[in-house]
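Novice: I have a structure I would like to understand better, so I am pasting it below and will then ask my questions one at a time.
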Amino acid sequence: MVATGEETDAGVKSLGLTDLSIDFARHLVSSLALQLRSVTVGFRVDGWIRYVYPGLWPEQEQVLRSQLDENQRALAPETRSKFPKSVVDVNSAMNAAFAHKAASWLSDPRIFLPYAALGYKPVAMQLLDCLDRIAPDPLHDRELVTRWAEILGLTPAFHFAHHDLT
Amino acid sequence: MSAAGFQEINLSLADFDRSQLPADRQGLEGDGFRMAVQDYLAGCFPAAGGPAEVIVAADRITLRWSDKTMARTLTEYGVERLQAGDMKRGMSLLRLSLARDAGDVIAAFNLSIALSDEGQVDEALSLLERVVVLAPDYVQAWVALGVALSRKGDMHAAIAPLRNAVDLAPDDGHAQKNLGAALAAIRESAEAHPHLERAVALLPGDAAVWLNFGRNCEDLGKPKLADEAYRKAIDLDHAGKIGGLAEKGLTRIASKGFHSDGSPARPDALCYIGDALDRFQGLPQTDVAKITFEIAMLGSRGLDVNNPGKKYSVASLEGGFSGLHLLCIEYVGFQMIDPSIDLGFDLSTEYQAALALRRK
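The structure is reproduced here in structure tokens:
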């Protein structure tokens, strides 16, 4: 998953960031694209580890909670006020999906409530629905990323590049 | 964010999604809106698995809930694995913790200790240097930095961080102990002395501190104090390596004091060596070895050569013997079996004198 300068600028337009300095706006779009790639594939990897290596659950639980903490910090009004709403919403939507999944794995639905309070439940459900509907093998990772990008408005901001191992 | 077993999340009231409120409360403003949000969220938590404190004040929503099942932090879990001896997993968790938060000084400190123990001193040093910059009052980190430098063989460099530790916490026994040991290692015995003296007062159950203090007293020509310190170390680590080293220290002190009056040969030792030569005369080498090794074994648990009133017995010899008497028998035995073995106690003058008397 890579982005040309034109694609990043298209992402800037798509998220309505043209009023910002171009370097900062590009940085925000690139960060969201990186989060998109990490969270989607990360969900698959987390699920695979949980299923194949249940003995690693204590470590996985720690990592989940640590990630939740980090994501929850982004909910603070002081943090959200520093960034444009469109950026905050895309970031929070992915974090909400993560919180919903983590709440399920940790058997603690309270984890998701702050995201629901801010209205991210519908978009989180849409994102999670993709995880259920798209096959969980690596061959379908691009489809998953593409679908999430459509929901989040990040489609113009990247393309997939083909890599050969030889 | 979470503390131990506790969650607190702050949200902007303006960002609250009004569509979740009952239709007749969605249009409220001011305190009415705050009350509606409060009621709504307070009602959500019990259904979601537990109670929570919901505070809606001014422009902010604060959600707090305790979670008894809250897992330990990644750092705590890593430290716990290290304490359980699972070094690989513990270090891996602490590395992960640091990757998430490079400023986690507890993770960095504990990882550095593990790395140092595993012989990866350079990486440990790099981490500890970071820790003391981030947390300059972290006494244990200064101590660990000094210890890591001394493990690397750089005793002079080790002293500055250890001094920092002692300055920060004069009553920290480990800081005093390590500074004393580092100073002693570079032959600054006089300067090391007060630190080791303080360390034995602060850590009276630490055999290694007593051993170091004993050596320091010995270096400073204080045999009485050294003797007492070595005996403490032996009491605390009777069968261990430190106890063994302390015994050698005692033997050294006794040996040094043995000819301190300037006499060429101690008459009592001369007599005991003569007795040993008589006992061993005509005995097969195997019998000599049996007696000698039995005394050596007894000696490894400490023979008091300065107290003629204290008697010892060995299975291969009849009767009771003073410590010096047995040491003389052992000395003669080793001269017959393998003269290259050094007992750490010089009886050569008495031995040669006894042989000369026999030749007359």
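Line by line, the protein sequences are chains A and B.
Counting in my numbering, the first sequence runs without a single skipped number right up to 166 at its last residue.
Counting in my numbering, the second sequence runs without a single skipped number right up to 526 at its last residue.
The beta-carbon is built from N, C-alpha and C at its ideal position, and this holds for glycine as well.
Just curious, the alpha helix (DSSP H) that A:R250 is in, first and last residue?
Specialist: For chain A, the structure presents residues 1 to 166; residue 250 of chain A sits outside this window and is missing.
Novice: Here's a check: name, in chain order, each residue in its chain whose Cβ is nearer than 7 angstroms to the Cβ of B:I175, leaving out the five neighbours to either side.
Specialist: Here residue 175 of chain B refers to the residue found at position 9 when the second sequence is read from its first residue. So the qualifying residues of the chain are L229.
Novice: For chain A, is any of its Cβ atoms less than 7 angstroms away from the one on B:I175?
Specialist: Mapped onto the second sequence, residue 175 of chain B falls at position 9. Output row for B:I175: interface = yes.
Novice: From the beta carbon of B:C383, is the nearest beta carbon of chain A less than 7 angstroms away?
Specialist: For the purposes of this step, residue 383 of chain B is taken as residue 217 along the second sequence, with counting starting at 1. Using a Cβ-Cβ cut-off of 7 angstroms, B:C383 does not count as an interface residue toward chain A, since no Cβ of chain A sits closer than that to its own.
Novice: How many angstroms separate the CA atom of B:M253 from the CA atom of B:A280?
Specialist: Start at 1 with the first residue of the second sequence, and residue 253 of chain B comes out as number 87. Start at 1 with the first residue of the second sequence, and residue 280 of chain B comes out as number 114. Going by the C-alpha atoms only, they are around 7 angstroms apart.
Novice: Out of curiosity, what's the CA-to-CA distance linking B:D197 and B:A224?
Specialist: Your numbering for residue 197 of chain B matches position 31 in the second sequence. Your numbering for residue 224 of chain B matches position 58 in the second sequence. The alpha-carbon atoms of B:D197 and B:A224 are separated by roughly 9 angstroms.
Novice: Look up B:T228 in the DSSP assignment and give the residues it is bridged to.
Specialist: Walking along the second sequence from the start, residue 228 of chain B turns up at place 62. According to DSSP, which records beta bridges pairwise, B:T228 is partnered with B:N176 and B:I221.
Novice: Do we get a CB-CB distance below 7 angstroms when we pair A:L75 with the residues of chain B?
Specialist: As a first step, residue 75 of chain A is located in the first sequence; it is residue number 75 there, counting from the start. Yes, contact with chain B.
Novice: How would you list, in chain order, the residues of chain A whose beta-carbon sits under 7 angstroms from the beta-carbon of B:A218?
Specialist: For the purposes of this step, residue 218 of chain B is identified with residue 52 of the second sequence, where counting begins at 1. Correct list: R110.
Novice: Any beta carbon from chain B within less than 7 angstroms of A:Q35's own beta carbon?
Specialist: Taking the first sequence and counting its residues from 1, the one referred to as residue 35 of chain A is at position 35. Not one beta carbon of chain B lies nearer than 7 angstroms to the beta carbon of A:Q35.
Novice: State the CB to CB distance for the pair A:A3 and A:F158, rounded to an integer number of angstroms; the pair is presumed to be in contact (CB under 8 angstroms).
Specialist: On the first sequence, residue 3 of chain A is found 3 positions in, with the first residue counted as 1. On the first sequence, residue 158 of chain A is found 158 positions in, with the first residue counted as 1. Yes, A:A3 and A:F158 are in contact; Cβ-Cβ is about 4 angstroms, under 8 angstroms.
Novice: On a Cα-Cα basis, can you pick out the residue from B:L469, B:L262 and B:G499 that is closest to B:F459?
Specialist: The count along the second sequence starts at 1 and reaches residue 459 of chain B at position 293. Out of B:L469, B:L262 and B:G499, B:G499 has the C-alpha closest to the C-alpha of B:F459.
Novice: List the residues of chain B whose Cβ lies closer than 9 angstroms to the Cβ of A:E59, in chain order.
Specialist: Reading the first sequence from its first residue, position 59 is the one you call residue 59 of chain A. L240, Y243, R255, S258, L259 and L262, listed in chain order.
Novice: Roughly how many angstroms lie between the CA atoms of B:L483 and B:A431, to the nearest whole one?
Specialist: Residue mapping note: residue 483 of chain B aligns to position 317 of the second sequence, counting from 1. Residue mapping note: residue 431 of chain B aligns to position 265 of the second sequence, counting from 1. Looking at the two C-alpha atoms, the distance is approximately 26 angstroms.
Novice: From A:Q60 to B:Y304, what distance separates their C-alpha atoms?
Specialist: Along the first sequence, one-based indexing puts residue 60 of chain A at 60. Along the second sequence, one-based indexing puts residue 304 of chain B at 138. The straight-line gap from Cα to Cα measures roughly 30 angstroms.
Novice: Here's a check: name, in chain order, each residue in its chain whose Cβ is nearer than 7 angstroms to the Cβ of B:H359, leaving out the five neighbours to either side.
Specialist: Counted from its first residue, the second sequence places residue 359 of chain B at position 193. Result list for B:H359: N382 and L386, in chain order.
Novice: Quick one: is B:D183 near chain A, going by C-beta distance under 7 angstroms?
Specialist: Start at 1 with the first residue of the second sequence, and residue 183 of chain B comes out as number 17. At least one chain A Cβ lies under 7 angstroms of B:D183.
Novice: Could you give the distance in angstroms between the alpha-carbon of A:A10 and the alpha-carbon of A:S30?
Specialist: For the purposes of this step, residue 10 of chain A is taken as residue 10 along the first sequence, with counting starting at 1. For the purposes of this step, residue 30 of chain A is taken as residue 30 along the first sequence, with counting starting at 1. A:A10 and A:S30: Cα-Cα distance of roughly 11 angstroms.
Novice: How would you list, in chain order, the residues of chain B whose beta-carbon sits under 9 angstroms from the beta-carbon of A:G119?
Specialist: Looking up residue 119 of chain A in the first sequence gives position 119. Against chain B, the beta carbon of A:G119 has neighbours under 9 angstroms at D181, F182, D183, R184, S185 and Q186, listed in chain order.
Novice: Use the C-beta contact count for A:W57: other C-beta atoms within 10 angstroms, 16 or more gives buried, fewer gives exposed.
Specialist: Taking the first sequence and counting its residues from 1, the one referred to as residue 57 of chain A is at position 57. Under this definition A:W57 is an exposed residue.
Novice: Taking CB distances under 7 angstroms as the criterion, tell me whether A:S66 reaches chain B.
Specialist: Here residue 66 of chain A is taken as the residue at index 66 of the first sequence, counted from 1. Yes - at least one Cβ of chain B is within 7 angstroms of the one on A:S66.
Novice: Please confirm whether B:R266 has its beta-carbon closer than 7 angstroms to some beta-carbon of chain A.
Specialist: One-based indexing of the second sequence puts residue 266 of chain B at position 100. For B:R266, the answer is yes, since a Cβ of chain A falls inside 7 angstroms of its Cβ.
Novice: For a test of the three-state rule: what should DSSP assign to B:H361, helix, strand or coil?
Specialist: Position 195 of the second sequence, counting from 1, holds the residue named residue 361 of chain B. Three-state result, B:H361: helix.
Novice: Could you tell me the boundaries of the alpha helix (DSSP H) in which B:Y438 lies?
Specialist: One-based indexing of the second sequence puts residue 438 of chain B at position 272. Counting along the chain, the alpha helix (DSSP H) containing B:Y438 begins and ends at P433 to F446.
Novice: Please classify B:S316: is it buried, with 16 or more other beta-carbons within 10 angstroms of its beta-carbon, or exposed?
Specialist: For the purposes of this step, residue 316 of chain B is identified with residue 150 of the second sequence, where counting begins at 1. When all chains shown are included, B:S316 counts as buried.
Novice: For B:S178, go through chain A and note every residue whose CB falls closer than 7 angstroms to its CB, in chain order.
Specialist: Residue 178 of chain B sits at position 12 when you count from the first residue of the second sequence. Residues of chain A with a Cβ closer than 7 angstroms to the Cβ of B:S178 are, in chain order, P77 and R80.
Novice: Answer with buried or exposed for B:Q342, where buried requires no fewer than 16 other C-beta atoms within 10 angstroms of its C-beta.
Specialist: Residue numbering aside, residue 342 of chain B sits at position 176 when the second sequence is read from its first letter. With 16 or more Cβ atoms within 10 Å of its Cβ, B:Q342 is classed as buried.
Novice: Can you have a look at B:Q447 and say buried or exposed, based on whether 16 or more other CB atoms are within 10 angstroms of its CB?
Specialist: As a position in the second sequence, residue 447 of chain B is number 281, starting the count at 1. B:Q447 is exposed by the Cβ-count criterion.
Novice: Use the C-beta contact count for B:K234: other C-beta atoms within 10 angstroms, 16 or more gives buried, fewer gives exposed.
Specialist: Here residue 234 of chain B is taken as the residue at index 68 of the second sequence, counted from 1. A caution first: B:K234 carries a pLDDT of 48, below 50, which makes its placement in the model too unreliable to give a value.
Novice: For a contact defined as C-beta to C-beta under 8 angstroms, what are the partners of B:R230 on chain A?
Specialist: Within the second sequence, the letter at position 64 stands for residue 230 of chain B. Neighbours of B:R230 across chain A, judged by C-beta separation under 8 angstroms, do not exist; the nearest C-beta is about 11 angstroms away.
Novice: Nearest to B:H491 by CA position, among B:M502, B:I503, B:A481 and B:K476, is which residue?
Specialist: As a first step, residue 491 of chain B must be located in the second sequence, where it is residue number 325. The shortest C-alpha separation from B:H491 is found at B:K476.
Novice: Between B:L416 and B:E516, is the Cβ-Cβ spacing less than 7 angstroms?
Specialist: Taking the second sequence and counting its residues from 1, one reaches residue 416 of chain B at position 250. Taking the second sequence and counting its residues from 1, one reaches residue 516 of chain B at position 350. It is not a contact, given that the beta carbons lie outside the stated cut-off.
Novice: With a 10 Å radius around its C-beta and 16 neighbouring C-beta atoms as the bar for buried, classify B:Q173 as buried or exposed.
Specialist: As a first step, residue 173 of chain B is located in the second sequence; it is residue number 7 there, counting from the start. Buried, since its Cβ has 16 or more Cβ neighbours within 10 Å.
Novice: With DSSP as the reference, please indicate the residues paired to B:V471 in a beta bridge.
Specialist: As a working note, residue 471 of chain B is residue 305 in the second sequence. B:V471 is not bridged to any residue.
Novice: Counting Cβ pairs, one atom from each stretch, are 3 or more of them under 8 angstroms apart for the region 76 to 83 of chain A and the region 123 to 133 of chain A?
Specialist: Result no; under three Cβ-Cβ pairs closer than 8 angstroms.
Novice: Between A:G5 and A:H27, what straight-line distance do the alpha-carbon atoms span, to the nearest angstrom?
Specialist: Position 5 of the first sequence, counted from the first residue, corresponds to residue 5 of chain A. Position 27 of the first sequence, counted from the first residue, corresponds to residue 27 of chain A. Their backbone Cα atoms lie some 11 angstroms apart in a straight line.
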